[in-house]
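Residue numbers (the numbering used here): -16 to 418.
Structure (C-alpha cells):
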C-alpha cells in the first residue's frame, strides 16, 4: 500500500535559515564615487587660502599644496592606517545650537548627517619652506645630452617666477599679491649670488650657500631629535661595534691546569695547598671581574636608551649627515642632491673626517669578525641550520595566519561552493575556447 511522503522538515528549515542569513539586517546605501577625505589644516588660515597644483621639487611632477597669502606654503602628508586591521573614520556635523535645534522639526533633527569613511587615512598640512618651491626654477634639469652641465647665468627674479607660472598657472593669482612674491624673492636671495644690474637685482644659484642653508635645517632637525626608526637604523646600527668570537680553548685549558695542580701527587703538601689556594684566588678574581663586567653601571635599565659606544662627536656628525641626506632625498632634485652630497664631503663648513675614519675602522672590524667566524667557529654551522628551521617555522606560521584570515573573510556561499564535488565536470573556461 502506497502512502504519500511528507516533505523533509530539515531541508525546509535549512532553506529558511539560508534566506535569513543572506538578507542583511541593515541596508547600506550605494558607495560614493567621490568619497570624503579627512584633512587636518592649520588653525590660523586665511579665507583666501586655496589648494593649488605646483611642480614637485623632487620628482619634477605636479603635486597639491595649500597656499595661504598670509602664512605661505603647506605640503600635504598622507598618514595611512595599516591594511591588516581595517579602520574607518566616523565624521559628524558640529554640535548645533540647542535653542535653534529645538525650533526645528523632530523629523529633521533625527535625520543623520554623519559620514563613515571606507578607510582611516588622513591628510595633514605641514608648513614647507618656499625655497623648495622656487628651487626647480633656480636649478632646472638640463635637456641636453652632453656630459658637461650648462653654464649658470644671472637672471632676474621675474624670470624665475615666470618659470613657476609656466609649470603651474594656478599660482598666478597669488603672485599678484606682494606677500607671496616677496616671500619667494627673500628665500631666493638666501641661496643665490646676487649682482646689481641698474635698478634690478640678478640672481644665480650658489651650491655653497644652498648647502649652508640645508645644514642649518639639518642641525635644527638634530636638536629636536631624529625619529626613533631613523635613529635606530641609520645611527645606532651604523655605529654598533661588532662582537668578536670568544675562544673557549683558553678557559678550558685553565680549568684543566687547575685540576692537575689540585690532584698532583707531590711530597710537599704545603706546596699543593698553596697552589690550590692561588688557583682558587685567581678564579675568584676572574669571577669578580666577570661579575663587575656584567653589572656595569653604564648598562641601561629596561626601557632606557643605551648609550652609543663611539668617540665624542662622531654620533652627532652621523646624525647631522643623516638629516642632510634625508632632506636631499626628500626635497631636492636628484641632480642637485648628488652634487650637494659630493660638496658636503669636500666642504670646510662641517668636517666629517672623524666620522669617515671611525666608520672605516668599524667596517674593518666587521670584516675581521666575519673572517674569524667563518674560519674558526664550526658551531656556527649548527646555528645557521637552527636559524633556517626557525625561519621556515615563522614563514609557515605567517602562511597559516594568512589562510585563517582569508577563511574568516569568506562568505557562507563561497564555503558551500568549495564543498561541491566537481570531479568529471568541465571548467567554465572550456566553454569559451576556440573549436
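Where is the CB? At the ideal position from N, CA and C, for every residue including glycine.
Straight through space, the alpha carbons of residue 335 and residue 164 are spaced by roughly 37 Å.
A residue is called buried when at least 16 other Cβ atoms come within 10 angstroms of its Cβ; residue 395 does not meet this threshold and is exposed. Of the candidates 370, 351 and 171, 171 places its Cα closest to the Cα of residue 139. The three-state reading of DSSP puts residue 158 in helix, counting H, G and I together. The C-beta of residue 56 has 16 or more other C-beta atoms within 10 Å across all chains shown, which makes the residue buried.
Distance between residue 313 and residue 348, taken at the CA atoms: about 33 Å.
Excluding the 5 residues flanking it on each side, residue 107 has same chain C-beta neighbours closer than 6 Å at 23 and 60, in chain order.
Checking the DSSP bridge columns, you'll see residue 105 partnered with 21 and 62.
Here DSSP, grouped into helix, strand and coil, assigns residue 374 to helix. A straight line joining the alpha-carbon of residue 214 with that of residue 380 spans about 31 Å.
Under a 10 Å Cβ-count criterion, residue 119 is classified as buried, with 16 or more other Cβ atoms of the shown protein chains found around its own Cβ.
A distance below 8 Å between beta-carbons, with the five flanking residues on each side excluded, links residue 18 to the following residues of its chain, in chain order: 100 and 101. One alpha carbon belongs to residue 405, the other to residue 398, and they sit about 14 Å apart. Short of 6 Å from the beta carbon of residue 75, and not among the five residues preceding or following it, lie these beta carbons of its own chain, in chain order: 97. Judged by their CB atoms, residue 200 and residue 303 are not nearer to each other than the 8 Å cut-off.
The Cβ atoms of residue 178 and residue 192 lie no closer than 8 Å to each other. Here residue 143 carries a helix assignment [DSSP, helix/strand/coil].
Residue 38 sits buried, since 16 or more C-beta atoms from the chains shown fall within 10 Å of its C-beta. A distance below 8 Å separates the beta carbons of residue 316 and residue 40. Here the alpha carbon of residue 416 sits roughly 25 Å from the alpha carbon of residue 401.
For residue 176, the enclosing beta strand (DSSP E) starts and ends at 175 to 180.
The Cβ atoms of residue 150 and residue 222 lie no closer than 8 Å to each other. For residue 184, no alpha helix (DSSP H) run applies; the uninterrupted beta strand (DSSP E) run containing it begins and ends at 183 to 188, by DSSP.
Minimum Cα-Cα distance from residue 218 among the listed residues 153, 160, 410 and 299 corresponds to 299.
Here residue 136 is exposed. Its C-beta has fewer than 16 other C-beta atoms within 10 Å.
In summary, residue 338 is buried, with 16 or more beta-carbon neighbours lying within 10 Å of its beta-carbon over all protein chains present. At least 8 Å separates the beta-carbon of residue 190 from that of residue 340. The three-state reading of DSSP puts residue 320 in helix, counting H, G and I together.
As the crow flies, the alpha-carbon of residue 370 is around 22 Å from that of residue 350. Note on residue 42: under 16 other CB atoms within 10 angstroms of its CB, so exposed under the neighbour-count rule.
Between residue 117 and residue 167 a beta carbon distance of about 5 Å is seen, short of the 8 Å cut, so the two are scored as contacting.
The beta-bridge partner set that DSSP reports for residue 42 is empty.
Around the beta carbon of residue 124, fewer than 16 other beta carbons lie within 10 angstroms, which makes this residue exposed.
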